[in-house]
Each structure stands twice: as structure tokens, then as C-alpha cells.
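Notes follow the structure.
Residue numbers (our numbering): 278 to 670.
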């Protein structure tokens, strides 16, 4: 029998006072949906390494697909505080489900909105917002991860169309995506974005199996074997790495909020367990070492909450820098990983079972710490920003 989701969000510094009533209403609607639709089934799907595709309609209904996209294109026209809150609540349920929403909104809808033509926006965005179409984002290659500029996927001009060749890997949503935003080099070595549609001859999306992380998320490859791409499928308003990196900034922002959701779930689970579990005649919450763990958890969560709230404020004012987003993404994931491990210890042997969400979060976070920029790369982004010296090359 599925257990009732008793999650209560920690708010040690009364940060709710910084949110509008609309933000709180959005959070409640998403939290209620996660408690009803995600929590009862997610352990089973993670154990079976299967993606719960039936959740896609619900994700669309709660506005998780491109919430900041303007209303005329099917989005909700929300601010970045709302977007962050939505991602936090979804990842509190599961990182893989949040990844599905992040890819759709930040990595598929955002580039079409920011870099696409008006015809592309009208053709794709409303259907992506409603979940009628699902998308994926092709940047990472087998030999090019942290160095996307070294990509070898390429396209050539063939008159009235392009010919695309190459491969991408570690692509969330790939196995079921209807379209892919693919970044490739033209004959001159310039990077451009292309909209590739399922059904185009030579385009395949083999699924990635045997994952120990993001097991309830669908991951695959994108393979292009002389795929004919109509010229109107080129994103016309960007060239170079700033295109995909602009998308990654959107996704990293969502992760900064989302990873804190996973941390909150682990903390809430550990606190509840510590109050109920008795050893030596009293709840283990009464022992100093357990209090130390819990006190440090809530301290780090509170610091993270303040960081992402400020980042959201800067993003709403169009002031947030890529380096600031990198700092928040790295901090939130590091916080979540540490809290997950401490929470696992509080639960003892029960912490490794599917009776509780902690081990699932812990395994998921092992992917979150390296995707959308690895932990080390984000540290170097901060280092480069404060010193003016690049350590990548």
C-alpha cells in the first residue's frame, strides 16, 4: 500500500513572508499534485527503472512546462520566483520528474521562444506547453561534455534543406520526445540550433539502460544519419555557444531551486523519523548527535533558500549573471547531497529501503551534481568570475 505523503516544508526564517499570495497558491497546487500523483507511485517506478509517462498531462496541467513563456504562446507568463517554486516542489517528489519538466521548459521551449522565428513559436510552443508535444535537448556528445565547443555533430547545406550527421548522449526525454533541439556545427564550424522532428528519416533515439540514478526518468541518445532538416527548422536568432549556454542558464536556475526540494524532503523525512524512532528508552531525536545532524541540515537549507530567493529576485530584474546561477546550482546540489547522506544515517538500515525516499534522492542527486555543468566546472565558473582568469583552457 502506498504511504501517505506527510511532507511539511521547512521555513525556519519565515521566508514565506517574502512570497506573494500567488506564489503560495502556485506552490500549494503543485505540492498537492505531487502528493497525490507522484509520491504514491514514484518508488515503484524507480525500483523498476520505468518512466511514469501518465504524469505528463498532470505536469502540463500544473503549468510545469514553460511557466515563464508568455500566454500568447501557451505559457503562463509567470515570474522566475514562481518557476523556481514549481521546480522545487516537483523535485521534492523526484529529480527525474523535475528533469522532464526542466528539459521541456528551459531547454526546448525557451530556445524556440528566445531564438526562434515567430512561425516556429506559434507552431511548437502551444503544443509543448500543453504536453501535446514533448521535446529534448541535444548538446552533450559521447566525447564532448564539459567542452561543448568541441562537438562533432554537423550539418551541411544541401540546397532547400540541411543534412545532419552525428550523435548526442545522456539526453533526458529522448526516448519519447516528439522534437529535439539539436546543436550542431555548419560547414564553417559555427554552432546553430536545429529543430529535429521524430519521424525524420535517419533520426533515432535509442534508450539508455542500466542506470542507478534518475531511474524514473527516460534517458537516451540522439543519432543522426544523413537526416534531412528543412531550412525553416533552423533557429534563426542565435549562433555560437551563447545559444545552448543561454538555455543551460535557464535549466541551472531551475536546478538551484529543485535540488533544495530534494534536500527538504530528506530533512523532513529524517526529522519525522527521529521523533518517532525510540532507542534506549527515548526518541533518537533526543540524542545530541542526531540533533547536530538535524540542526546542520536546517541551517544549510535556510541558507540555500535565501540564496535562491535572492537569485529569483535578480532574475526577475534581468540582473542575474551566469556565474551567480552557477554558484546557486552548485551550492544547492552540494547541500542536498550532504543532507541526503546525513538523513540516511539517521534512518539507519531503513534509510536504504524504498520505504523512505532518501536513497532514491541520494542516487538521483549523483546525476544532478554533474548534469547542466559538473560540480567542478561550476566552481571554476565562479573562480573565473572573481579572478578574471579562465581555468578551463
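A virtual CB, placed ideally from N, CA and C, is assigned to each residue, including glycine.
Work out the CA separation of residue j and residue i for me, nearest whole Å.
| i | j | result |
| --- | --- | --- |
| residue 667 | residue 602 | 18 Å |
| residue 330 | residue 377 | 10 Å |
| residue 657 | residue 555 | 45 Å |
| residue 632 | residue 621 | 12 Å |
| residue 653 | residue 584 | 20 Å |
| residue 525 | residue 553 | 42 Å |
| residue 320 | residue 539 | 14 Å |
| residue 309 | residue 645 | 24 Å |
| residue 617 | residue 611 | 10 Å |
| residue 543 | residue 502 | 44 Å |
| residue 367 | residue 424 | 30 Å |
| residue 630 | residue 317 | 15 Å |
| residue 669 | residue 305 | 42 Å |
| residue 567 | residue 551 | 8 Å |
| residue 594 | residue 523 | 17 Å |
| residue 353 | residue 649 | 25 Å |
| residue 432 | residue 460 | 10 Å |
| residue 623 | residue 516 | 50 Å |
| residue 627 | residue 547 | 11 Å |
| residue 334 | residue 569 | 42 Å |
| residue 327 | residue 655 | 30 Å |
| residue 375 | residue 290 | 26 Å |
| residue 651 | residue 660 | 14 Å |
| residue 586 | residue 605 | 10 Å |
With distances taken from CA atoms, which of the options is nearest residue i?
| i | options | result |
| --- | --- | --- |
| residue 592 | 531, 305, 499 | 531 |
| residue 339 | 656, 362, 522 | 362 |
| residue 619 | 307, 313, 325, 635 | 635 |
| residue 598 | 663, 582, 574, 454 | 663 |
| residue 380 | 476, 396, 358, 447 | 447 |
| residue 608 | 589, 564, 537, 624 | 537 |
| residue 456 | 443, 467, 550, 471 | 471 |
| residue 441 | 453, 511, 388, 342 | 511 |
| residue 477 | 454, 466, 465 | 454 |
| residue 571 | 388, 545, 323, 483 | 545 |
| residue 486 | 287, 316, 285, 325 | 325 |
| residue 351 | 418, 284, 410, 557 | 410 |
| residue 671 | 484, 303, 322, 482 | The question about residue 671 has no answer here: the residues shown for the chain are numbered 278 through 670. |
| residue 613 | 581, 587, 334, 594 | 581 |
| residue 505 | 569, 564, 443, 449 | 443 |
| residue 615 | 606, 639, 392, 624 | 639 |
| residue 404 | 337, 625, 600 | 337 |
| residue 296 | 360, 315, 314 | 360 |
In three-state terms, what does DSSP make of residue i?
| i | result |
| --- | --- |
| residue 474 | strand |
| residue 460 | strand |
| residue 662 | helix |
| residue 448 | strand |
| residue 580 | helix |
| residue 669 | coil |
| residue 280 | coil |
| residue 484 | strand |
| residue 679 | Residue 679 is absent from the model: the chain starts at 278 and stops at 670. |
| residue 468 | strand |
| residue 511 | strand |
| residue 560 | strand |
| residue 596 | coil |
| residue 555 | strand |
Can the beta-carbon of residue i be found less than 9 Å from the beta-carbon of residue j?
| i | j | result |
| --- | --- | --- |
| residue 355 | residue 344 | yes |
| residue 451 | residue 518 | no |
| residue 412 | residue 421 | no |
| residue 534 | residue 364 | yes |
| residue 282 | residue 301 | no |
| residue 576 | residue 292 | no |
| residue 514 | residue 407 | no |
| residue 439 | residue 589 | no |
| residue 369 | residue 574 | no |
| residue 529 | residue 373 | no |
| residue 474 | residue 434 | no |
| residue 489 | residue 299 | no |
| residue 521 | residue 561 | no |
| residue 497 | residue 458 | no |
| residue 384 | residue 527 | yes |
| residue 392 | residue 347 | no |
| residue 484 | residue 396 | no |
| residue 445 | residue 417 | yes |
Provide the residue(s) that pair with residue i in DSSP beta bridges, ordered along the chain.
| i | result |
| --- | --- |
| residue 443 | 501 |
| residue 309 | The partner list for residue 309 (beta bridge, DSSP) is empty, contrary to what the question assumes. |
| residue 630 | Beta-bridge pairing links residue 630 to no other residue. |
| residue 496 | 449 |
| residue 431 | 442, 462 |
| residue 413 | 457 |
| residue 418 | 421 |
| residue 506 | 439 |
Using beta carbons (cut-off 9 Å, strictly below), is residue i in contact with chain D?
| i | result |
| --- | --- |
| residue 651 | Absent here is chain D; the protein component of the structure consists of one chain. |
Cβ of residue i versus every heavy atom of the ligand NAD: is any distance shorter than 8 Å?
| i | result |
| --- | --- |
| residue 384 | Among the ligands in the structure shown, none appear at all, so the ligand NAD cannot be discussed. |
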